[in-house]
Amino acid sequence: MKIAIAGAGAMGCRFGYMLMDAGADVTLIDGWQAHIDAIRQQGLYVETETTQKHYPIPAMLADEAEGHFDVIILFTKAMQMESMLKKIQPVLGSAKVVMTLSNGLGNIDTLANYVPRDVIYAGVTLWSCELEGPGHIRATGSGNIELQPIASSDTAMEEQVVALFNRAGLNTEISENVLLSIWKKAAFNSVMNTYCALLDCNVGEFGKLTMALDLATSVIKEFVQVAVSQGIPLTEEMVLNTVKKVFDPRESGHHYPSMHQDLQKGRLTEIDYLNGAIARIGEQENIPVPVNRLLTQLIHAKEQR
Ligand code: NAD
C-alpha cells in the first residue's frame, strides 16, 4: 500500500516514520523547502525517549507532488488544509483513502470539496509530537486513533488500513460515531487551548484557578447547544469529565497546549476551527454564542499583537 502524508510537520513525520517501521511505502509531502531538503539529504531524524535514528523516507515538495498513492493522510493545521489540497490535486485522483486526523471542526467539509465523500476517512488522535527543526522531530509518549470512513462501504480497505496502522503500533480503532469524537475533542480544545493561550499558563495552572470550571462551563454550554443543532449527541458532562481529568497534575497538568505554543512562536492558531466554528454555526442557527465569539476575537487580537 503506497501512502503519502501531505503536511509532514510534527504529526505527519511521526506517523511517517512509524508506518515506515511497519514496512509501509511512505512518502512525505510538505511545502517547507529546508525541511524537505534536510529529509532528502540525511533522512528524517527522530528522537524518542530511548533512541535517535535517521529514517530514509522519500520526501517531495507539495508544489511538485506526483505519483500514485492508495492512501493520503492530510496532516496540516486545519486552516492550511485547503491550500495543501489545491497543491496536491495531481495526486488526489488515484487515492482510495484520503484521511484527516487534524484537530478542529470543518475538515471533512473542506476535504469533500476536493475528493468524493466515499474516500474520506476522518478521526481523532491522542498521539503527539514536536518539530525541533528542519528534518528533526521529537516523538515521545504514546497515543491512539479513532477513525471512521465517512461514506465508504469498502470494508476490505478499512480492514487493511486499520491492520497497517496497528502493525505500526498506532493503536487504531474504528469508531461507531467519529463525528461525536471530533466534536468532543474540539470542545475540549476550545476550553484548554484557548484559555491557556489567553492566560499564558499550562493546563494544571489553569485548573487551579478558582473560576476554572465556570470559565470552562460557559464555553461548553454553547458548544453543546450548537452540536445538538447539528445532530451531534454531545453532552456537557462528556466534555467536563475530560476537562476535569487533565487538571490533575498527574495527568497532563504540566502541558502547554498547542495554541499557547503557536502564539509564543508568532504563528496563527486553529481558533476559527474551534471556538470560531461554534461562533459561526451558532450565529447561522440563531443560537446565542457570545462567549465563543469573544474568545475567538481575543485570540485573533493576540495573533495580531
Ligand atoms: P505542524 O505545523 O507541525 O505541521 C504542518 C505541516 O504542514 C508543516 O510542516 C507545514 O510546512 C505544512 N504545510 C502547511 N500548509 C501547507 C501548504 N499549504 N503547503 C505545503 N505544506 C504545508 O502541525 P502539527 O503539530 O503536526 O499538527 C497537525 C494537526 O494535528 C493539527 O490539526 C494539530 O492540531 C493536530 N495535532 C497535533 C498534535 C501535536 O502534538 N503536534 C497532537 C494532536 C493533534
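Here my numbering is used: position 150 in the sequence shown is 398, and no number is missing along the way.
Positions of the beta carbon are idealized from the N, C-alpha and C atoms, including for glycine.
ask   = At a cut-off of 7 Å, is W280 close to the ligand NAD when judged by its beta-carbon and the heavy atoms of the ligand?
value = Reading the sequence shown from its first residue, position 32 is the one you call residue 280. Within the cutoff, so yes.
ask   = Which of the three DSSP states, helix, strand or coil, is assigned to P538?
value = Along the sequence shown, read from residue 1 onward, the residue named residue 538 stands at position 290. DSSP places P538 in helix when its eight states are reduced to three.
message = Suppose contacts are defined by Cβ-Cβ distances below 8 Å. Is T211 in contact with L395 by that definition?
response = The first residue shown for the chain is 249 and the last is 553, placing residue 211 beyond what the model contains.
key: Cβ-Cβ separation, L428 to L482 (assumed contact under 8 Å), whole Å   = As a first step, residue 482 is located in the sequence shown; it is residue number 234 there, counting from the start. As a first step, residue 428 is located in the sequence shown; it is residue number 180 there, counting from the start. Confirmed, Cβ separation roughly 6 Å.
inquiry  = Please determine whether the Cβ atom of Q478 lies at a distance below 7 Å from any heavy atom of the ligand NAD.
reply    = Counting from one through the sequence shown, the residue named residue 478 turns up at place 230. No, the beta carbon of Q478 sits no closer than 7 Å to any heavy atom of the ligand NAD.
message = Going by C-alpha to C-alpha distance, which of P497, N361, D318, K334 sits closest to S342?
response = To locate residue 342, count along the sequence shown from 1; it is residue 94. With distances taken between Cα atoms, S342 lies closest to D318.
key: W280 to Y293 span [Cα, whole Å]   = Looking up residue 280 in the sequence shown gives position 32. Looking up residue 293 in the sequence shown gives position 45. Between W280 and Y293, the C-alpha separation is close to 16 Å.
ask   = If you measure from the CB of Q512, is any heavy atom of the ligand NAD nearer than 7 Å?
value = Residue mapping note: residue 512 aligns to position 264 of the sequence shown, counting from 1. Every heavy atom of the ligand NAD is 7 Å or more from the Cβ of Q512, so no.
key: For A258 and L511, the rounded distance between their alpha carbons   = Here residue 511 refers to the residue found at position 263 when the sequence shown is read from its first residue. Here residue 258 refers to the residue found at position 10 when the sequence shown is read from its first residue. Rounded to whole angstroms, L511 to A258 spans 17 Å at the Cα level.
message = Rounded to whole angstroms, what is the Cα-Cα separation between I385 and C377?
response = Counted from its first residue, the sequence shown places residue 385 at position 137. Counted from its first residue, the sequence shown places residue 377 at position 129. Going by the C-alpha atoms only, they are around 7 Å apart.
query = Along the chain, where does the beta strand (DSSP E) that runs through K334 open and close?
reply = Looking up residue 334 in the sequence shown gives position 86. Note, K334: premise wrong, no beta strand (DSSP E); alpha helix (DSSP H) at 329-335.
ask   = Taking the C-alpha atoms as reference points, what is the distance between A307 and A254?
value = In the sequence shown, residue 307 corresponds to position 59, counting from 1. In the sequence shown, residue 254 corresponds to position 6, counting from 1. Spanning the two alpha carbons is a distance of roughly 10 Å.
key: Distance, L546 Cα to I598 Cα   = Residue 598 is absent from the model: the chain starts at 249 and stops at 553.
request  = From the DSSP output, read off the bridge partner residues of L381.
outcome  = Against the sequence shown, residue 381 aligns to sequence position 133. According to the sequence displayed, residue 381 carries Gly and not Leu. Beta-bridge pairing links G381 to H384.
message = Contact between the region 448-456 and the region 493-500 is defined here as three or more beta-carbon pairs at a separation below 8 Å; is this criterion met?
response = yes
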